[in-house]
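S.K.: Using numbering that gives the first Met the number 0, the first residue of the sequence shown is number 0, and each one after it goes up by one.
Structure provided below as structure tokens; questions to follow.
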Amino acid sequence: MGANSSSISELPENEYLKKLSGAEPISENDPFWNQLLSFSFTTPTNSADLKLLEEATVSICKSLVEKNPRTGNLGSLIKVFLSRTKELKISAECQNHIFIWQAHNALFIICCLLKVFISQMSEEELQLHFTYEEKTPGSYGTESEDLIEELLCCLIQLIVEIPLLDITYSISLEAVTTLIVFLSCQLFHKEILRESIIHRYLMQGRCLPYTSRLVKTLLYNFIRQERSPPPGTHVFQQQTDGGGLLYGIASGVATGLWTVFTLGGVGSKPTPQLEQCSPLASQSLLLLLVLANLTDAPDTPNPYRQAIMSFKNTQDSTAFSSSSPHAFQINFNSLYTALCEQQKSDQATLLLYMLLHQNCNVRTYVLARTDIENLVLPILEILYHVEERNSHHVYMALIILLILTEDDGFNRSIHEVILKNITWYAERVLTEISLGSLLILVVIRTIQYNMTRTRDKYLHTNCLAALANMSAQFRSLHQYAAQRIISLFSLLSKKHNKVLEQATQSLRGSLSSNDSPLPDYAQDLNVIEEVIRMMLEIINSCLTNSLHHNPNLVYALLYKRDLFEQFRTHPSFQDIMQNIDLVISFFSSRLEQAGAELSVERVLEIIKQGAVALPKDRLRKFPELKFKYVEEEQPEEFFIPYVWSLVYNSAVALYWNPHDIQLFTMDSG
Numbered sequence: 000m001g002a003n004s005s006s007i008s009e010l011p012e013n014e015y016l017k018k019l020s021g022a023e024p025i026s027e028n029d030p031f032w033n034q035l036l037s038f039s040f041t042t043p044t045n046s047a048d049l050k051l052l053e054e055a056t057v058s059i060c061k062s063l064v065e066k067n068p069r070t071g072n073l074g075s076l077i078k079v080f081l082s083r084t085k086e087l088k089i090s091a092e093c094q095n096h097i098f099i100w101q102a103h104n105a106l107f108i109i110c111c112l113l114k115v116f117i118s119q120m121s122e123e124e125l126q127l128h129f130t131y132e133e134k135t136p137g138s139y140g141t142e143s144e145d146l147i148e149e150l151l152c153c154l155i156q157l158i159v160e161i162p163l164l165d166i167t168y169s170i171s172l173e174a175v176t177t178l179i180v181f182l183s184c185q186l187f188h189k190e191i192l193r194e195s196i197i198h199r200y201l202m203q204g205r206c207l208p209y210t211s212r213l214v215k216t217l218l219y220n221f222i223r224q225e226r227s228p229p230p231g232t233h234v235f236q237q238q239t240d241g242g243g244l245l246y247g248i249a250s251g252v253a254t255g256l257w258t259v260f261t262l263g264g265v266g267s268k269p270t271p272q273l274e275q276c277s278p279l280a281s282q283s284l285l286l287l288l289v290l291a292n293l294t295d296a297p298d299t300p301n302p303y304r305q306a307i308m309s310f311k312n313t314q315d316s317t318a319f320s321s322s323s324p325h326a327f328q329i330n331f332n333s334l335y336t337a338l339c340e341q342q343k344s345d346q347a348t349l350l351l352y353m354l355l356h357q358n359c360n361v362r363t364y365v366l367a368r369t370d371i372e373n374l375v376l377p378i379l380e381i382l383y384h385v386e387e388r389n390s391h392h393v394y395m396a397l398i399i400l401l402i403l404t405e406d407d408g409f410n411r412s413i414h415e416v417i418l419k420n421i422t423w424y425a426e427r428v429l430t431e432i433s434l435g436s437l438l439i440l441v442v443i444r445t446i447q448y449n450m451t452r453t454r455d456k457y458l459h460t461n462c463l464a465a466l467a468n469m470s471a472q473f474r475s476l477h478q479y480a481a482q483r484i485i486s487l488f489s490l491l492s493k494k495h496n497k498v499l500e501q502a503t504q505s506l507r508g509s510l511s512s513n514d515s516p517l518p519d520y521a522q523d524l525n526v527i528e529e530v531i532r533m534m535l536e537i538i539n540s541c542l543t544n545s546l547h548h549n550p551n552l553v554y555a556l557l558y559k560r561d562l563f564e565q566f567r568t569h570p571s572f573q574d575i576m577q578n579i580d581l582v583i584s585f586f587s588s589r590l591e592q593a594g595a596e597l598s599v600e601r602v603l604e605i606i607k608q609g610a611v612a613l614p615k616d617r618l619r620k621f622p623e624l625k626f627k628y629v630e631e632e633q634p635e636e637f638f639i640p641y642v643w644s645l646v647y648n649s650a651v652a653l654y655w656n657p658h659d660i661q662l663f664t665m666d667s668g
């Protein structure tokens, strides 16, 4: 707010705000509304500015909460806004800046008030505040229109019907933000909301027919990434040719204390951060994620999730299924490009997960792309920088890889894509490597990070499942990738020996002392042996299915052959060790016959020749390794808090007092 921050402190004494929150009812036809709504500012797009604004206006809001049951001024303000939105589309087409400007200001005030109301009262109490009207002596209550449904429906219409222009950008953004605020009642409940008045309005009644158009518009807002126009664009501009009178009228309206209230300054330059992002795209994606994760009503499935599950490519000419009432078409090429470019954010990664997991049309399209590296590389970067990411973002990236590796075509194609100079991979200079080998390197690195830091079994399981899915299709593994596979096995072997030694020592100690409880080394051993077993299965799967394609893996296996000796007779690994033992013995024998002091090149040549000579029927066949991602039984228990933590932490955020939040603790967001 810069130089204007001093004016914020004057807001509690602002005559228009005091009148709005006072004891006097204001008719919706009162000229007061023109005065109230004639202020110029750039909508705050960060929580710091919004925190200042909220702290300055808290007394106004509390006064309105107290007085509104008698005055009905909240309802009057909403009716003023509703009446002005009826002409918004024409105003946009006619470039009517003043009309759009005042409608935006009305919505901004409504949004600010709503946020406070929702944080301080139940949905039932909020609903009552929308029904209050001016009470006069001797008057009787009459059946009034449902203002909440009217406002929600109006906001959706505004988003889907008003063309996105420089002069309408701010009001479109405010409409999206206000819908998020309406749904924010979840933040103030520890339990997942399974029945909600606002949810019911959005999933039934007048809002329902707009479901597919709303989802489509929000997706296109994300795809287009339209940057915010320069501050002040939505406000009337001084014209040189015949526009002077229009400017003069507007200037005359914007009188009084409002003229010093300019958040961010109409003429100020946008910050570099704002130039680099699209507030509308960010907020639209957050709203889409919130809507998609609303719980189903007892008698109605979530229509927004249905829309996300069923939309198709614009080039798909097949008829829509009658079981998909909210299906629509969208340009998949544009969607794919946006998903590839935006993966640095949790929100975009979560959207990609939802689309791959729930929409078979999107999944089929993505797997058919010939430039799959554009999508996979950003996902690998997320995993590579695991220490800089929150655990949820890492999980989503990993599950995306697991879903992709369920497809054999994907597992084959990634070894055909050759990459050059992967600058973000710091452990080793990779001048040329296949996408498949890079994927293996990053997943193994994630496993090793998890072993030494987080020790999360779920993360281990999904990493190994992705490697297992790919193992039968390993092709021309980079020598470094082959080394890392064996190095991971070496690390697991050492860990196994250490736990075994600790268990033995503990057992000896317990014989001399009956007082101290024994640590549960049996469980630790069981877990580490499960992981070792899976690593052996991955190596075995590669040797059984594509031995002749992977001389570097055989080389690494022979180089570290002593590692496997202890597992040959272990009852948990005897069966799976048969093939590995056979391969080690077969190639060791051929190398011995070739003589001593062999160069690396000569060893690889002997391995390649041996791979052709080794009869395939000598290798025992095991069931194919295939793991499929299965969502938890109650996914909402994970996804709803996750989505709202993204809303809470968003750079385009609304500000909420952390002490009011009930859904999650601040350190978990």
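The beta-carbon is built from N, C-alpha and C at its ideal position, and this holds for glycine as well.
(1) Under the rule that 16 or more other beta-carbon atoms within 10 Å means buried, what is D48, buried or exposed?
(2) How close, in whole Å, do the beta carbons of P550 and A480 come, if the pair is a contact with beta carbons under 8 Å?
(3) Pick out whichever of S39, S571, R619 and A306 has its Cα sitting closest to the Cα of L213.
(4) Along the beta strand (DSSP E) that carries E431, what are the first and last residues, could you check?
(5) So, helix, strand or coil for R357, using DSSP?
(6) Under the three-state reduction of DSSP, which class applies to Q501: helix, strand or coil?
(7) Helix, strand or coil: which one does DSSP assign to F260?
(8) Return helix, strand or coil for T299, following the three-state DSSP convention.
(9) If I measure Cβ to Cβ from S8 and keep anything under 7 Å in the same chain, skipping five residues before and after, which residues do I get?
(10) How far does the beta strand (DSSP E) with K419 in it reach, from first residue to last?
(11) In the DSSP assignment, what are the bridge partners of Q156?
(12) Can you look up Q478 in the DSSP assignment and give me helix, strand or coil?
(13) Kindly indicate which three-state DSSP category T270 falls into: helix, strand or coil?
(14) What span of residues does the alpha helix (DSSP H) with L452 cover, start to end?
(15) What is the DSSP secondary structure of I606, reduced to helix, strand or coil?
(16) Helix, strand or coil: which one does DSSP assign to K559?
(17) For G71, count neighbouring Cβ atoms within 10 angstroms of its own Cβ and tell me buried if that reaches 16, exposed if not.
(18) Give me whichever residues DSSP pairs with N312 in a beta bridge.
(19) Is the distance from the Cβ of I222 to the Cβ of S333 below 8 Å?
(20) Cα-Cα, which of L653, Y654, Y641 and W655 is closest to F663?
(21) Where F235 and P278 are concerned, what is the direct C-alpha to C-alpha distance, given to the nearest angstrom?
(22) Could you compute how far the alpha carbon of F107 sits from the alpha carbon of W32?
(23) Give every residue of the same chain whose Cβ lies closer than 6 Å to the Cβ of L293, excluding the five residues on either side of it in the sequence, and list them in chain order.
(24) First and last residue of the alpha helix (DSSP H) that includes I222?
(25) Once you ignore the five residues that flank R454 on each side, which residues in its own chain have a CB closer than 6 Å to its CB?
(26) Taking D574 as part of the alpha helix (DSSP H), name the residues at either end of that continuous run.
(27) By how many angstroms is the C-alpha of P657 removed from the C-alpha of D407?
(28) For a quick check, are the C-beta atoms of T130 and L154 less than 8 Å apart?
(29) Specify, as a first and last residue, the run of the alpha helix (DSSP H) that C111 falls within.
(30) Please return the same chain residues whose Cβ sits closer than 8 Å to the Cβ of A593, not counting the five positions on each side in sequence.
(31) For T543, report the span of its alpha helix (DSSP H) as first-last.
(32) To the nearest angstrom, report how far apart L590 and A612 are at their CA atoms.
(33) Quick check: what's the CA-CA separation for K66 versus M120?
(34) Using the Cα positions of E225 and Y520, report the straight-line distance between them to the nearest angstrom.
(35) Find the nearest neighbour of T422 within the set V385, Y394 and L376, judged by alpha-carbon distance.
(36) Going by DSSP, what residue range makes up the alpha helix (DSSP H) through Y647?
M.R.: Well, looking at it:
(1) The sequence position of residue 48 within the sequence shown is 49, counting from 1. Residue burial is scored here from C-beta neighbours: D48 has at least 16 other C-beta atoms within 10 angstroms and is therefore classed as buried.
(2) Start at 1 with the first residue of the sequence shown, and residue 550 comes out as number 551. Start at 1 with the first residue of the sequence shown, and residue 480 comes out as number 481. Not a contact, Cβ separation roughly 13 Å.
(3) Against the sequence shown, residue 213 aligns to sequence position 214. The shortest Cα separation from L213 among S39, S571, R619 and A306 belongs to A306.
(4) Taking the sequence shown and counting its residues from 1, the one referred to as residue 431 is at position 432. Run containing E431: E431 to S433, per the beta strand (DSSP E) assignment.
(5) Along the sequence shown, read from residue 1 onward, the residue named residue 357 stands at position 358. For the sequence presented, residue 357 should be read as Gln rather than Arg. Of the three classes helix, strand and coil, the one that applies to Q357 here is helix, per DSSP.
(6) Working through the sequence shown from its first residue, we reach residue 501 at position 502. Helix, per DSSP.
(7) Reading the sequence shown from its first residue, position 261 is the one you call residue 260. Because F260 sits at a pLDDT of 35, beneath the cut-off of 50, its placement in the model cannot be relied upon, and the point is left open.
(8) Here residue 299 refers to the residue found at position 300 of the sequence shown. Note: T299 maps to strand in three-state DSSP.
(9) On the sequence shown, residue 8 is found 9 positions in, with the first residue counted as 1. A55, listed in sequence order.
(10) Position 420 of the sequence shown, counted from the first residue, corresponds to residue 419. Residues I417 to K419.
(11) In the sequence shown, the residue the question calls residue 156 occupies position 157. Looking at the DSSP assignment, Q156 forms no beta bridge with any residue, so it has no partner.
(12) The residue given as residue 478 occupies position 479 in the sequence shown. Secondary structure at Q478: helix, using DSSP grouped into helix, strand and coil.
(13) Mapped onto the sequence shown, residue 270 falls at position 271. With a pLDDT of 36 at T270, under the threshold of 50, the modelled position of that residue is not reliable, and no figure is offered here.
(14) As a working note, residue 452 is residue 453 in the sequence shown. Checking the sequence shown, residue 452 turns out to be Arg, not Leu. Segment: none, R452 is in no alpha helix (DSSP H) and carries neither H nor E.
(15) As a working mapping, residue 606 is identified with position 607 in the sequence shown. Three-state result, I606: helix.
(16) For the purposes of this step, residue 559 is identified with residue 560 of the sequence shown, where counting begins at 1. It is coil, neither helix nor strand.
(17) In the sequence shown, residue 71 corresponds to position 72, counting from 1. It is buried - the Cβ of G71 has at least 16 other Cβ atoms within 10 Å.
(18) Taking the sequence shown and counting its residues from 1, the one referred to as residue 312 is at position 313. As a beta-bridge residue in DSSP terms, N312 pairs with I329.
(19) The residue labelled residue 222 in the question sits at position 223 within the sequence shown. The residue labelled residue 333 in the question sits at position 334 within the sequence shown. For the 8 Å CB-CB criterion, I222 and S333 form a contact.
(20) Counted from its first residue, the sequence shown places residue 663 at position 664. The residue with the shortest Cα to Cα distance from F663 is Y641.
(21) Locating residue 235 in the sequence shown gives position 236, counting from the first residue. Locating residue 278 in the sequence shown gives position 279, counting from the first residue. Bear in mind that the predicted position of F235 carries a pLDDT of just 43, short of 50, making it too unreliable to give a figure here.
(22) Walking along the sequence shown from the start, residue 107 turns up at place 108. Walking along the sequence shown from the start, residue 32 turns up at place 33. Across the structure, F107 and W32 are spaced so that their CA atoms are roughly 14 Å apart.
(23) Here residue 293 is taken as the residue at index 294 of the sequence shown, counted from 1. So the list reads H198 and N301, once near-sequence residues are dropped.
(24) Counted from its first residue, the sequence shown places residue 222 at position 223. Counting along the chain, the alpha helix (DSSP H) containing I222 begins and ends at T210 to R223.
(25) What you label residue 454 is simply residue 455 of the sequence shown in a count that begins at 1. Cβ neighbours of R454 beyond the five flanking positions: none.
(26) Locating residue 574 in the sequence shown gives position 575, where the first residue counts as 1. Here the alpha helix (DSSP H) through D574 covers Q573 to A593.
(27) One-based indexing of the sequence shown puts residue 407 at position 408. One-based indexing of the sequence shown puts residue 657 at position 658. Straight-line Cα distance between these residues: approximately 46 Å.
(28) As a working mapping, residue 130 is identified with position 131 in the sequence shown. As a working mapping, residue 154 is identified with position 155 in the sequence shown. It is not a contact, given that the beta carbons lie outside the stated cut-off.
(29) Taking the sequence shown and counting its residues from 1, one reaches residue 111 at position 112. Run containing C111: H96 to Q119, per the alpha helix (DSSP H) assignment.
(30) Locating residue 593 in the sequence shown gives position 594, where the first residue counts as 1. Cβ-Cβ distances below 8 Å link A593 to R601 and I605 in the same chain, with the five nearest sequence neighbours on each side left out; the list follows chain order.
(31) Stepping through the sequence shown from its first residue, residue 543 is reached at position 544. Run containing T543: Y520 to S545, per the alpha helix (DSSP H) assignment.
(32) As a working note, residue 590 is residue 591 in the sequence shown. As a working note, residue 612 is residue 613 in the sequence shown. Approximately 14 Å between the Cα atoms of the pair.
(33) If you number the sequence shown from 1, residue 66 lands on position 67. If you number the sequence shown from 1, residue 120 lands on position 121. Computed Cα separation, rounded: 15 Å.
(34) Within the sequence shown, numbered from 1, the residue matching residue 225 stands at position 226. Within the sequence shown, numbered from 1, the residue matching residue 520 stands at position 521. Approximately 56 Å between the Cα atoms of the pair.
(35) The sequence position of residue 422 within the sequence shown is 423, counting from 1. For T422, the nearest C-alpha among the options comes from L376.
(36) As a working note, residue 647 is residue 648 in the sequence shown. Here the alpha helix (DSSP H) through Y647 covers E635 to N648.
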